[in-house]
Amino acid sequence: MNGIALSLNGLTLYWSGVVIALGIAAAFCLSYALYTSHGGSSLAMLLYFPPALFLSVGLSRALHWYCHTEQYPGFVAALTDYRVGGYCIPGVVAGIALAAVLVGALGLTANRRRLLDSVAPGWLLLAVMIRLSSLFNSSCRSKIVIRNPLLQRLPIGSPVADNAGNTEYRFATFFAEALLLAVLFLAILRFFNTQRRHPMKADLPRDGHVALLTLTWYSAVELLMDSTRYDSSFLRFNGFISVGQMVAALCILGVMVVYSIRSVRVNGHQGRHWVLWICWFLALAATGISEYLVQRHGSWYLGCYAVMSASCFFLAFTTQRMYLLLRDNTPRRRKRRPTQ
Numbered sequence: 169m170n171g172i173a174l175s176l177n178g179l180t181l182y183w184s185g186v187v188i189a190l191g192i193a194a195a196f197c198l199s200y201a202l203y204t205s206h207g208g209s210s211l212a213m214l215l216y217f218p219p220a221l222f223l224s225v226g227l228s229r230a231l232h233w234y235c236h237t238e239q240y241p242g243f244v245a246a247l248t249d250y251r252v253g254g255y256c257i258p259g260v261v262a263g264i265a266l267a268a269v270l271v272g273a274l275g276l277t278a279n280r281r282r283l284l285d286s287v288a289p290g291w292l293l294l295a296v297m298i299r300l301s302s303l304f305n306s307s308c309r310s311k312i313v314i315r316n317p318l319l320q321r322l323p324i325g326s327p328v329a330d331n332a333g334n335t336e337y338r339f340a341t342f343f344a345e346a347l348l349l350a351v352l353f354l355a356i357l358r359f360f361n362t363q364r365r366h367p368m369k370a371d372l373p374r375d376g377h378v379a380l381l382t383l384t385w386y387s388a389v390e391l392l393m394d395s396t397r398y399d400s401s402f403l404r405f406n407g408f409i410s411v412g413q414m415v416a417a418l419c420i421l422g423v424m425v426v427y428s429i430r431s432v433r434v435n436g437h438q439g440r441h442w443v444l445w446i447c448w449f450l451a452l453a454a455t456g457i458s459e460y461l462v463q464r465h466g467s468w469y470l471g472c473y474a475v476m477s478a479s480c481f482f483l484a485f486t487t488q489r490m491y492l493l494l495r496d497n498t499p500r501r502r503k504r505r506p507t508q
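Sequential numbering of the sequence shown, starting at 169, is according to the working numbering.
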């Protein structure tokens, strides 16, 4: 059931919708403040958010329709009737990026990287609010049943009604993800305020790193949490790795490739590159093996998800370490003030 916040003259407002609307408002205000305080155009941000929301919703619904055609009368209904169906997170990521390309094509910003850096914390905050909205409905769709009465409460367990109307407790996937994303949001916001103080080697760009590392760490969280859901979206020809997991892994790989190319260009081939690459692929292999085992042996979920949590963390951690190789850590001498 979806908790009703207000019902008046046929107009019904649900608490989950109110929380999401507040999240959108908070994301816009934060993104606007960060962008304009660093020299960005207010018009660019005002014109960025509407197409970003429109594209994110449209693309995520279209992708969900592709993966779950049985839930919709047709493709047009998926884009117009929001009373049924759901959303696919990779569509949101694509919508955010395409909106930045659109704003840049219109000549409203000359630095798309800085624009994406400024909106990344805001979108993370919105993701936190969207996951928290599950507290007001029955949308927590975990496949892990919690049988220990001591764990049948937040942040571990969440009550869910089964098909017979009985209440059972499952792992609070969305609430746990909201907590992880909240910690990530605070870390990314701090990184946004400090990263420009660190010069980069050679002529490497100073902007874009907040967006890339936000994508990396968010993808690591999504790679793990999407595995715990029983309603994950799959491509029609693949029933093993969900779309969310697939795109998350590709996003982390893409960021790792970008930073690896830049690091080799400015630092040359070094042994530490090979160490990071080997650790990255070992973490990816551990993630894949854990996903395989948890699907084949559901009772092994505790050990499998413990290993997967560590491996997803190291996927993002090694990628961030590759970024750190691009920083210029040469000590800078402070200029002495002339004596009078």
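Built from N, CA and C at the ideal position, the CB exists for glycine as well.
Distance from the Cα of ARG358 is smallest, within the candidate group GLN463, THR237, ALA288, for ALA288.
A contact is defined here as three or more CB-CB pairs under 8 angstroms, and the segment 204-218 meets this definition with respect to the segment 281-295.
If you compare the alpha carbons of PRO241, VAL260, ILE257, GLN463 with that of ARG251, the shortest gap goes to PRO241. Spatial neighbours of ASP496 in its own chain (CB-CB distance under 8 angstroms, excluding positions within 5 residues in sequence) are listed in chain order as HIS366, PRO367, MET368, LYS369.
Taking C-beta separations shorter than 8 angstroms and ignoring five residues to either side along the sequence, the partners of LEU461 in its chain run TRP468, CYS472, following chain order. Secondary structure of SER431 (DSSP, three-state): helix. TYR337 carries a strand assignment under DSSP once its states are collapsed to helix, strand and coil. Beyond the five residues adjoining it in sequence on each side, GLY272 comes within less than 7 angstroms, by CB distance, of ARG280 in the same chain, given in chain order. One thing to note: MET476 has its Cβ within 8 angstroms of the Cβ of THR455. Of the residues assessed, HIS232 falls on the buried side of the cut-off, its CB having 16 or more other CB atoms within 10 angstroms.
With fewer than 16 other CB atoms across the displayed protein chains lying within 10 angstroms of its CB, ALA329 is exposed.
When DSSP states are grouped into helix, strand and coil, GLY263 belongs to the helix group. In this structure, VAL296 and ALA379 do not form a Cβ contact; the two beta carbons are roughly 17 angstroms apart against a cut-off of 8 angstroms.
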